[in-house]
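Novice: Sequential numbering of the sequence shown, starting at 18, is according to my numbering.
Cβ atoms here follow ideal geometry from the backbone N, Cα and C, with glycine treated the same way.
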Amino acid sequence: MKLERGVSLAPHTSLRVGGAADHFVLATSAEEAAEALRWARERDLPVHVIGGGSNLLVADAGVTGLIVKAAYARTQVEDRHGQPVLIAEAGANLANQARRLAKQGFGGLEWAANVPGTVGGAAVNNAGAFGGDTASCLLSVRLVAVDRTFCLNSSDLGYAYRTSALKRRELGDVAVDRVELRLQVSTPERADGLVKEFNAQRMRTQPRILSAGSVFANPEGTFSGKLIEEAGLKGSRAGAARISEQHANFIVNPGGATARDVYALMRRAQDVVFERTGTWLRAEIELLGRWSLEERVALEGPRRPEPGERTPLGEGSSPPSNAPRPARCESTPSRGGSSLPGARRPARSESTPSEGCSPPQSAPCADHQVAAHG
Ligand SMILES: Cc1cc2nc3c(=O)[nH]c(=O)nc-3n(C[C@H](O)[C@H](O)[C@H](O)COP(=O)(O)OP(=O)(O)OC[C@H]3O[C@@H](n4cnc5c(N)ncnc54)[C@H](O)[C@@H]3O)c2cc1C
């Protein structure tokens, strides 16, 4: 494992903003990922695993602790009694896989052909587009923790719209090591045709400037982009960042933007839309690093916890007494943006990981060799 210090994270994100990680490991195998997690645990440092950085807003002040980037990316397609399955290591590029497989006549992932980032990040975020999502394709994930490797089925991962038990840090410090995705037998004409159709639609509707994709999740029954556009915010600027003219739910960095610029636009959009419509836009992109508690809480908005609900502020933190408290299903705001050493473990009643990859019925997690990807 090669441990580096003070590594700028901007080049590791799609927005190209943000400061440096105190410590950084480019993990080239599951063993290295586990070693990195152990290294951080032994030093009681926060640790955060990233993939393509296409959904992250890294603080300009950088990140406390260790960032592990999953950079191993072998893939293979296996035939399981007529059911094709993509077995992909965490760092595999999801869109490249979807396009390559479509050309080979495998369907099921066409929706992903333009979703940036890695297979690991998609499994965490439940990435989705055009009516498809990761949760509905995913058979199982193999996870690496400090002291063990284990597999979970899709049904164990608490998937909901753009979130999962992994995203909510319910499993503590784990790295997605490998993902199994269900494919469909199709034809190159059909599958690739669909990819091209989706691609054309993206080209028409989304900016081709540095961004982190949709900034806000769509509220029930409407679209964040529509609400932001109706609030007259298209083209708004903060520093060098701006709300895209093409798609109001994208904040773009045409060059020279800082994380603070992007954050300022996010907050402006939230406040203006809330004032006009009473709808609070929930951030889809994730703050990582040295954001203040106030900044994190402000982004969560004016919601109150349900009676008895845990707040994700982490142990020892309490929000300012007059500040709104975030709701439960958000990523844990914590020192360095990472799960705290005391990250919530699953309660007894919750599904727990099956040890040793014993194959669950619907999602075998056998120990295949994964072939080098083409
Ligand atoms: C132009 C553009 C368009 C986009 N369009 C879409 C879209 O249509 N649909 C959509 O859903 N998203 C979209 N996104 C957002 C982004 O592509 C997805 O969220 C993607 O799944 C993130 O993957 P990533 O590898 O970049 O993850 P990262 O951004 O690196 O990380 C995302 C989360 O996953 C965690 N993580 C990543 N890898 C691992 C791992 N190996 N182990 C443990 N945790 C890990 C991180 O800690 C973080 O919590 C878009 C982004 C851009 C820039």
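Per DSSP, which one or two residues make a beta bridge with isoleucine 84?
Specialist: Locating residue 84 in the sequence shown gives position 67, where the first residue counts as 1. Bridge partners of isoleucine 84: Phe41 and His65.
Novice: Using a Cβ-Cβ cut-off of 8 Å (strictly less than) and excluding sequence neighbours within five positions of asparagine 131, which residues of its own chain qualify?
Specialist: Working through the sequence shown from its first residue, we reach residue 131 at position 114. Within its own chain, the residues whose Cβ lies closer than 8 Å to the Cβ of asparagine 131, once the five positions on either side in sequence are excluded, are Ala112, Ala146, Phe215, Asn216 and Arg219, listed in chain order.
Novice: Quick one: does the C-beta of isoleucine 7 sit closer than 7 Å to a heavy atom of ligand 1?
Specialist: There is no way to answer for residue 7, as the model of the chain reaches only from 18 to 391.
Novice: Where does arginine 195 land, buried or exposed, given buried means 16+ other C-beta within 10 angstroms?
Specialist: Walking along the sequence shown from the start, residue 195 turns up at place 178. By the neighbour-count rule (16 or more Cβ atoms within 10 Å), arginine 195 is buried.
Novice: Can you list, in chain order, the residues of its chain with a C-beta nearer than 8 Å to that of proline 205? Leave out the 5 residues immediately preceding and following it.
Specialist: As a position in the sequence shown, residue 205 is number 188, starting the count at 1. Once the five neighbours on either side are set aside, the close Cβ partners of proline 205 are Ala119, Lys120, Gln121 and Gly122.
Novice: Residues bridged to alanine 170 by DSSP?
Specialist: Here the question's residue 170 lines up with position 153 in the sequence shown. The sequence given here has asparagine at residue 170, not alanine. Partner(s): Ser157.
Novice: State the Cα-Cα distance for the pair leucine 32 and alanine 248, rounded to the nearest angstrom.
Specialist: Taking the sequence shown and counting its residues from 1, the one referred to as residue 32 is at position 15. Taking the sequence shown and counting its residues from 1, the one referred to as residue 248 is at position 231. So the two alpha carbons sit approximately 24 Å from each other.
Novice: Can you check which of these residues, Phe41, Cys154, Asn143 and Leu310, is closest to alanine 234 by C-alpha distance?
Specialist: Taking the sequence shown and counting its residues from 1, one reaches residue 234 at position 217. Checked all of Phe41, Cys154, Asn143 and Leu310; the closest Cα to alanine 234 is Asn143.
Novice: Looking at the unbroken beta strand (DSSP E) that takes in serine 25, where does it start and where does it end?
Specialist: Within the sequence shown, residue 25 is the residue found at index 8, counting from 1. Segment 20-25, the beta strand (DSSP E) holding serine 25.
Novice: Taking threonine 296 as part of the alpha helix (DSSP H), name the residues at either end of that continuous run.
Specialist: Here residue 296 refers to the residue found at position 279 when the sequence shown is read from its first residue. Counting along the chain, threonine 296 falls outside any alpha helix (DSSP H), and DSSP gives it neither H nor E.
Novice: For a quick check, are the C-beta atoms of alanine 192 and alanine 50 less than 8 Å apart?
Specialist: Residue 192 sits at position 175 when you count from the first residue of the sequence shown. Residue 50 sits at position 33 when you count from the first residue of the sequence shown. Result yes, Cβ atoms of alanine 192 and alanine 50 sit closer than 8 Å.
Novice: In terms of residue numbering, what span does the alpha helix (DSSP H) encompassing leucine 244 cover?
Specialist: For the purposes of this step, residue 244 is taken as the residue at position 227 of the sequence shown. Element bounds for leucine 244: 241-247.
Novice: Can you tell me whether glutamate 127 is buried or exposed? The criterion is at least 16 other CB atoms within 10 Å of its CB, across all chains shown.
Specialist: In the sequence shown, counting from the first residue as 1, residue 127 sits at position 110. Its Cβ being crowded by 16 or more others within 10 Å, glutamate 127 is buried.
Novice: So, does the stretch 81-93 touch the stretch 54-66, judging by three or more C-beta pairs under 8 Å?
Specialist: yes
Novice: Could you check whether isoleucine 245 and arginine 279 sit closer than 8 Å to each other, using their CB atoms as the reference points?
Specialist: On the sequence shown, residue 279 is found 262 positions in, with the first residue counted as 1. On the sequence shown, residue 245 is found 228 positions in, with the first residue counted as 1. In the sequence on display, residue 279 carries valine and not arginine. No, the Cβ-Cβ distance between valine 279 and isoleucine 245 is not below 8 Å.
Novice: So is histidine 264 buried or exposed if we call it buried at 16+ other beta carbons inside 10 Å?
Specialist: As a working mapping, residue 264 is identified with position 247 in the sequence shown. When all chains shown are included, histidine 264 counts as buried.
Novice: Helix or strand or just coil, what does DSSP make of aspartate 278?
Specialist: Walking along the sequence shown from the start, residue 278 turns up at place 261. DSSP places aspartate 278 in helix when its eight states are reduced to three.
Novice: With hydrogens ignored, establish whether the beta-carbon of alanine 146 is closer than 7 Å to any heavy atom of ligand 1.
Specialist: In the sequence shown, residue 146 corresponds to position 129, counting from 1. Yes, ligand 1 has a heavy atom inside 7 Å of this Cβ.
Novice: State buried or exposed for proline 319, treating a residue as buried only when at least 16 other CB atoms are found within 10 Å of its CB.
Specialist: As a working mapping, residue 319 is identified with position 302 in the sequence shown. It is exposed - the Cβ of proline 319 has fewer than 16 other Cβ atoms within 10 Å.
Novice: Within its chain, find whatever has a CB closer than 8 Å to the CB of arginine 284; leave out the 5 residues flanking it on each side and keep chain order.
Specialist: What you label residue 284 is simply residue 267 of the sequence shown in a count that begins at 1. Closer than 8 Å at Cβ, skipping near neighbours: Ala315 and Leu316.
Novice: Considering only DSSP beta bridges, list what alanine 255 is partnered with.
Specialist: Against the sequence shown, residue 255 aligns to sequence position 238. Looking at the DSSP assignment, alanine 255 forms a beta bridge with Ala258.
Novice: Taking the C-alpha atoms as reference points, what is the distance between glutamate 312 and alanine 276?
Specialist: For this step, residue 312 is matched to residue 295 along the sequence shown. For this step, residue 276 is matched to residue 259 along the sequence shown. Rounded to the nearest angstrom, the gap between the Cα atoms of glutamate 312 and alanine 276 is 12 Å.
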